[in-house]
Structure formats: C-alpha cells, structure tokens
Amino acid sequence: MGNITIKTPEDIAGMRVAGRLASEVLDFITPHVTAGVSTDQLDKLCHDYMVNVQGVTPAPLNYCPPGYTPYPKSICTSVNDVVCHGIPGDKVLKLGDVVNIDVTVIADGYHGDTSRMFFVGEPSILAKRLSEITYESMWLGISRIRPGTYLGDIGHVIQQYAENAGFSIVREFCGHGIGKVFHEEPQVLHYGKPGTLDQLVAGMIFTVEPMINAGRREIREMSDGWTIKTRDRSLSAQWEHTVLVTETGFEVLTVSAGSPAPPAFITNQAAGSPVSVD
Ligand code: MF3
Ligand code: CO
Ligand code: CO
Numbered sequence: 006m007g008n009i010t011i012k013t014p015e016d017i018a019g020m021r022v023a024g025r026l027a028s029e030v031l032d033f034i035t036p037h038v039t040a041g042v043s044t045d046q047l048d049k050l051c052h053d054y055m056v057n058v059q060g061v062t063p064a065p066l067n068y069c070p071p072g073y074t075p076y077p078k079s080i081c082t083s084v085n086d087v088v089c090h091g092i093p094g095d096k097v098l099k100l101g102d103v104v105n106i107d108v109t110v111i112a113d114g115y116h117g118d119t120s121r122m123f124f125v126g127e128p129s130i131l132a133k134r135l136s137e138i139t140y141e142s143m144w145l146g147i148s149r150i151r152p153g154t155y156l157g158d159i160g161h162v163i164q165q166y167a168e169n170a171g172f173s174i175v176r177e178f179c180g181h182g183i184g185k186v187f188h189e190e191p192q193v194l195h196y197g198k199p200g201t202l203d204q205l206v207a208g209m210i211f212t213v214e215p216m217i218n219a220g221r222r223e224i225r226e227m228s229d230g231w232t233i234k235t236r237d238r239s240l241s242a243q244w245e246h247t248v249l250v251t252e253t254g255f256e257v258l259t260v261s262a263g264s265p266a267p268p269a270f271i272t273n274q275a276a277g278s279p280v281s282v283d
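In structure tokens form, the structure reads like this:
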C-alpha cells in the first residue's frame, strides 16, 4: 500500500496552527459573501488578509501540479454547478447562489486546507438539502477516523449517505494527505468498500472533502484548465476539513471560532473522540 507520512509532534503543532488560520480566513470572509460582490473581490479580500494580517502564503497562487497551468488566484470560488477549483473572476454573486470557498494557507511551512458552503440570500430547498447532506457526509466520514480504520470504510459511509439521499459522489477528485506538501499520499476517496485500502495509523493527517452533485456524478472541465462543472449542470456542494488521526480517534485541525457546529450525531467529548455515531 501507500507511503503515508506519520507526523512528528512538531509537525502536528505546526499543522494545528495552519489549520486554525485556514479556518479563520473563512470566518473573515463570511460577512462579505453577499449579493453584488464579485468572486475576484472575495479573492482579493482573502489574499490581503492571509498575506498582510496572518502573514501566511496562499497555497493555490501559482500552484502547478503536473499537467496543469499555474493556478492564478489565492482561493477557489465554486458557484452553483461548479464542482471545484472555480477561479475567482468577474462573476458577481446574486441572491439564491450557493458558493463553496476553499482556502489553503501555508504557515511556517505547513498546509491547512478547508472549505465551506455559503448561501447568498435564501437558498432553494434543494440547495440547502444538498449542502446539509454533504456536510453530514463529511462528518460521518470523519467520525470513522481512528487507528485501524480502513480508508475504504470512510469512503463507504460517505457514498452510502449521499446516495441514500438521492445524490451522487464525484469520483475524479478526492481528499489527500497533507503536511509540508499540499497534496500527498494517501488519496482519500469519497466512495468505496469497507475493509479495503490503507489502514489508518495515529499521526497521519489528511483531508476529507466530498464533492456531491444533486444530479449525475459526471463532470466536465472548462477551457481555463481548472474549473470543474457538473456535466448535467446540476448543483454541486463540497465541505472540507483537515484531520489528524489520534491514538483514540480524530482531531479536526481546521477549526476556529466561526466553524459551523458538527451535526447532532457527533457528540464532541474531550479531545474530539467520536462517540455515539448514527
Ligand atoms: N484546496 C483544494 C483541495 O482541497 C485544491 C485547490 S488547488 C488550486 O485540495 F490550485 F485550485 F487551488
Ligand atoms: Co484539499
Ligand atoms: Co481545499
């Protein structure tokens, strides 16, 4: 199986800081996500906050994985039928839009990666339900994290929950190991079979970031080389946290004062150990 790094106590301390700072960028931008704002304005606000207030580096800016062109902005803004990697631009948000904002900071060499959904005014009943199911599926996956869990167990609960709700899981993108490197092993698929793939070990850190479509799971890539949309133009939602595997369970690293509460099925005991799930 894979070559998954185990983080040292020093790495974990650095990842806690990076995770909190990434989440605080989302707290900062929340009041600005309103009708009439352009996604470029959101990008500039986040960029200046990260660079000038937090003193961190926006990881997306000029990020260039093999086969890609350099990413031109500091955050991703994925509106309505955009699945992920929406590039901020002239697009002006209007009432009824739903947007995912995905932030990754590099703080003292460590990456913190998190995204949330935002509603511009009142969302449609479908958009609200899609976002809620996506949020709950992310947390259901996170709740399974502890030493010995298989990556396939996580993918399975996410897939089952989303598909039972009548939605579909995007297959082409997944969660990922993260640390000094933005995207490293393992791949964290949001679908799968229990008891398959790698088993978790304390000290691993990875993201859980399901992309869930209201319609069919197929996607298409736009000519900008980055933006991914649903092929059938249905709505798509995504939430993301960066999570540490602890000796007894998990610790979500991308938390801050403005983090939305976990769903009711997560009973947050001391140090975030997962209990009484589903
Ligand atoms: N933050 C995204 C993730 O969750 C990656 C964005 S890459 C970018 O993995 F270049 F588009 F920013
Ligand atoms: Co990620
Ligand atoms: Co992200």
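Going from the sequence shown to the working numbering is simple: count from 1 and add 5.
Glycine is no exception: its CB is placed at the ideal position from the N, C-alpha and C atoms.
- Around the C-beta of E177, fewer than 16 other C-beta atoms lie within 10 Å, and the residue is accordingly described as exposed.
- Relative to ligand 2, even the nearest heavy atom lies 7 Å or more away from the CB of D203.
- Cβ contact annotation for D229 (same chain, cutoff 8 Å, sequence separation greater than five): I92, in chain order.
- Less than 8 Å separates the beta-carbon of Y155 from that of P199.
- Within the same chain, and ignoring the five residues on either side of V260 in sequence, the residues whose Cβ sits closer than 6 Å to its Cβ are S28.
- Of all C-beta pairs linking the segment 76-91 to the segment 222-238, three or more are shorter than 8 Å, placing the two stretches in contact.
- Residues I163, V213, E214, P215, W244, E245 and H246 of the same chain have their beta carbon placed closer than 8 Å to that of M143, with the five preceding and five following residues left out of the count.
- A contact between stretches requires three or more CB pairs, one per stretch, nearer than 8 Å, and the segment 91-106 meets this requirement with the segment 37-46.
- Between the alpha carbons of P63 and G182 lies a distance of about 18 Å.
- For L31, the enclosing alpha helix (DSSP H) begins and ends at P14 to I34.
- By the neighbour-count definition (other C-beta atoms within 10 Å, threshold 16), I217 is a buried residue.
- Cα atoms of K12 and I111: separation of roughly 16 Å, rounded to the nearest angstrom.
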